[in-house]
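See the structure below:
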């Protein structure tokens, strides 16, 4: 078991370095293009953050987004802040 963990160490180190580089690059985004799916996930994340419910909703109704886990993840950084602050933190959290 210990030997298997030692073999994973280089993989985890590469993952950590690549994640840090991508997070640093995506936090420098200064322009925002309107993309409907990103706006939907943003609204759903704010819904989860504000209501505390793990089921996101828009205007009080559950929206079958197909991916309810992503708004739940984004709600960690959503809080009650303004959208530009949220976008900066969301890009750092999910650098893709």
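In our numbering, the protein residues as written are 5 to 100.
Note that beta-carbon positions come from the ideal geometry of N, C-alpha and C, so glycine has one too.
Computed from a prediction, not measured in an experiment: that's the story for all the values here.
In this structure, the straight-line span from the alpha carbon of residue 43 to that of residue 28 is close to 22 Å.
Each residue's CA atom was taken as its position, placing residue 77 and residue 12 some 26 Å apart.
Going by C-alpha positions, residue 55 is about 35 Å away from residue 16. Beta-bridge annotation (DSSP): residue 17 is not paired with any residue.
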